[in-house]
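Here this note's numbering runs 4 ahead of the position in the sequence shown, where the first position is 1.
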Amino acid sequence: MTTKHSTAGDTQEWLATVTVEQLENDPYPIFERLRREAPVAWIPAAHAWVASTWEACRTIADDATNFRGGTSPMHERVLGTDHLRYS
5 MTTKHSTAGD TQEWLATVTV EQLENDPYPI FERLRREAPV AWIPAAHAWV ASTWEACRTI
65 ADDATNFRGG TSPMHERVLG TDHLRYS
(Lines of atoms letter the chains of each structure in order from A and count residues from 1; the text may use other names and numbers.)
(Lines give C-alpha, C1' and ligand atoms only; values in the text may rest on other atoms or scores of the structure.)
Protein backbone atom coordinates (compact mmCIF):
# COMPACT_ATOMS: atom_id res chain seq x y z
CA MET A 1 0.00 0.00 0.00
CA THR A 2 1.34 3.43 -0.89
CA THR A 3 -0.51 5.74 1.47
CA LYS A 4 0.49 9.33 2.17
CA HIS A 5 0.46 10.25 5.85
CA SER A 6 -0.17 13.65 7.37
CA THR A 7 3.40 14.74 8.03
CA ALA A 8 3.61 18.04 6.14
CA GLY A 9 3.30 21.09 8.37
CA ASP A 10 0.48 22.65 6.36
CA THR A 11 -1.56 19.44 6.46
CA GLN A 12 -1.07 19.09 10.21
CA GLU A 13 -2.13 22.70 10.71
CA TRP A 14 -5.26 22.14 8.64
CA LEU A 15 -6.13 18.98 10.56
CA ALA A 16 -5.87 20.89 13.82
CA THR A 17 -8.65 23.23 12.64
CA VAL A 18 -11.18 20.44 11.97
CA THR A 19 -13.96 20.54 14.56
CA VAL A 20 -16.37 17.94 15.92
CA GLU A 21 -19.23 20.09 14.63
CA GLN A 22 -17.82 19.94 11.08
CA LEU A 23 -17.37 16.17 11.30
CA GLU A 24 -20.93 15.65 12.49
CA ASN A 25 -22.71 18.22 10.31
CA ASP A 26 -20.91 17.98 6.96
CA PRO A 27 -17.92 15.61 6.92
CA TYR A 28 -17.80 15.21 3.12
CA PRO A 29 -15.51 18.16 2.30
CA ILE A 30 -13.16 17.08 5.09
CA PHE A 31 -12.97 13.49 3.85
CA GLU A 32 -12.48 14.68 0.27
CA ARG A 33 -9.47 16.71 1.35
CA LEU A 34 -8.18 13.89 3.55
CA ARG A 35 -8.28 11.48 0.59
CA ARG A 36 -6.15 13.95 -1.43
CA GLU A 37 -3.69 15.10 1.21
CA ALA A 38 -3.59 12.65 4.10
CA PRO A 39 -5.44 9.34 3.58
CA VAL A 40 -4.41 8.25 7.08
CA ALA A 41 -4.43 11.14 9.54
CA TRP A 42 -4.79 12.01 13.22
CA ILE A 43 -7.79 14.28 13.81
CA PRO A 44 -7.16 16.04 17.15
CA ALA A 45 -10.80 17.07 17.71
CA ALA A 46 -11.93 13.44 17.34
CA HIS A 47 -9.01 12.03 19.33
CA ALA A 48 -8.74 9.45 16.55
CA TRP A 49 -6.82 8.30 13.53
CA VAL A 50 -8.98 8.41 10.39
CA ALA A 51 -8.45 6.31 7.28
CA SER A 52 -10.26 7.98 4.38
CA THR A 53 -9.53 5.74 1.39
CA TRP A 54 -10.73 2.23 0.58
CA GLU A 55 -7.13 1.11 0.20
CA ALA A 56 -6.16 2.31 3.68
CA CYS A 57 -9.35 0.95 5.28
CA ARG A 58 -8.91 -2.44 3.62
CA THR A 59 -5.28 -2.65 4.75
CA ILE A 60 -6.23 -1.77 8.33
CA ALA A 61 -9.19 -4.16 8.44
CA ASP A 62 -7.04 -7.01 7.12
CA ASP A 63 -4.22 -6.48 9.65
CA ALA A 64 -5.54 -7.16 13.16
CA THR A 65 -2.00 -7.64 14.45
CA ASN A 66 -0.96 -4.02 13.87
CA PHE A 67 -4.36 -2.31 13.93
CA ARG A 68 -6.62 -3.14 16.86
CA GLY A 69 -10.21 -1.99 17.53
CA GLY A 70 -12.25 0.66 15.82
CA THR A 71 -12.52 -1.15 12.50
CA SER A 72 -16.20 -1.98 13.03
CA PRO A 73 -19.15 0.07 14.29
CA MET A 74 -19.71 -2.81 16.73
CA HIS A 75 -16.39 -2.02 18.47
CA GLU A 76 -16.65 1.73 18.92
CA ARG A 77 -17.99 4.88 17.36
CA VAL A 78 -15.34 6.83 15.51
CA LEU A 79 -17.48 9.94 15.05
CA GLY A 80 -20.38 11.03 17.20
CA THR A 81 -21.02 12.29 20.68
CA ASP A 82 -20.32 9.01 22.52
CA HIS A 83 -16.70 8.83 21.34
CA LEU A 84 -16.05 12.56 21.34
CA ARG A 85 -16.94 13.34 24.95
CA TYR A 86 -13.21 13.42 25.74
CA SER A 87 -12.89 16.99 24.54
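The C-beta atom is built at its ideal place from N, Cα and C for all residues, glycine as well. From a predicted model like this one, the values you see are computed outputs, not experimental measurements.
Residue i: which of the options sits nearest, CA to CA?
i     : options                    : result
HIS51 : TRP18, THR23, GLU17        : THR23
SER56 : ALA45, ALA65, ASP66, ASN29 : ALA45
TRP18 : PRO33, GLU28, ASN70        : PRO33
Along the chain, where does the beta strand (DSSP E) that runs through residue i open and close?
i     : result
VAL44 : 44-47
VAL54 : 52-55
Using a Cβ cut-off of 8 Å (strictly closer), state whether residue i contacts chain D.
i     : result
THR63 : Reference to chain D is not applicable here, since this structure consists of a single protein chain.
With 16 as the cutoff for other CB atoms within 10 Å, does residue i come out buried or exposed?
i     : result
ALA20 : exposed
GLU36 : exposed
Would residue i and residue j be called neighbours here (beta carbons separated by less than 8 Å)?
i     : j     : result
ALA60 : PRO43 : yes
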